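Shown next, in structure tokens, is the structure this report addresses.
Below, the structure written as structure tokens:
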């Protein structure tokens, strides 16, 4: 199986799993656009089942399109909490580049 298909197969099995929170670290890194869309749908299905989703990505547009809430962490500290529907991308980038004391 290709990388994208392997990831989709694992996520499909999780649809029937008994867990409350799933952590996804760069789940779409290095896979094609169609596989990414399928993974977004599978993660969305988990969220609709009431599962908590923690989604890590270094690609900000992906976070904005997938997440209901974005929390920017730096050195273990919360640099900001953002809601993609109301907060702008510039605000998120500013929090990413600003060091908190």
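In this note's numbering, the protein residues as written are 55 to 155. Glycine is no exception: its CB is placed at the ideal position from the N, C-alpha and C atoms. Please read these numbers as outputs of a predicted model, since none were measured by experiment.
For residue 79, the three-state secondary structure derived from DSSP is strand.
Looking at 107, 150, 85, the one whose alpha-carbon comes closest to that of residue 121 is 107. Residue pairing by DSSP leaves residue 100 without any beta bridge partner.
For a cut-off of 8 Å, the C-beta gap from residue 125 to residue 132 is around 6 Å, short enough to register as a contact. DSSP places residue 118 in the uninterrupted alpha helix (DSSP H) bounded by 114-120. Residue 108 is bridged by DSSP to 77.
In this structure, DSSP gives residue 69 a state outside helix and strand, which the three-state scheme calls coil.
Going by DSSP, residue 146 is part of the alpha helix (DSSP H) stretching over 143-151.
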